[in-house]
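Numbers given in this note's numbering equal positions in the sequence shown, counted from 1, plus 1. The beta-carbon is built from N, C-alpha and C at its ideal position, and this holds for glycine as well.
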Amino acid sequence: MAAKRKKVFVKLKCETCKDVNYFTRKSKILTSEGTKLNLKKFCASCRKHVKHAESKK
Ligand SMILES: [Zn+2]
């Protein structure tokens with residue numbers, strides 16, 4: 002049985018200025034429903050590390 006590795010393309014949006022700073026792919030397996038990516042990343046607009054939330058295309 003061939004395992005389908007489905008990857009979802011997501012945007013990471015700064016929660017402060019709402020800028021989309023990062024694009025990432027995540028595995029569907031790791032993505033249980035209701036679980037959203039939330040990463041602390043550097044935002045060029047805010048000039049600091051801020052929370053980036055996953056945003057669907
Ligand atoms: Zn920002």
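Can you determine whether any heavy atom of ligand 1 sits closer than 6 Å to the C-beta of SER56, and answer yes or no?
no
Would you check if the distance between the CB atom of ASN22 and the CB atom of CYS47 is smaller than 7 Å?
no
For THR17, which residues from the same chain have a beta carbon less than 6 Å from its beta carbon, with the 5 sequence-adjacent residues on both sides left out?
CYS47 and VAL51
Alpha carbon to alpha carbon, what distance is there between LYS19 and THR25?
In this structure, the CA atom of THR25 is about 16 Å from the CA atom of LYS19.
Classify LEU40 as buried or exposed, calling it buried when 16 or more other Cβ atoms lie within 10 Å of its own Cβ.
exposed
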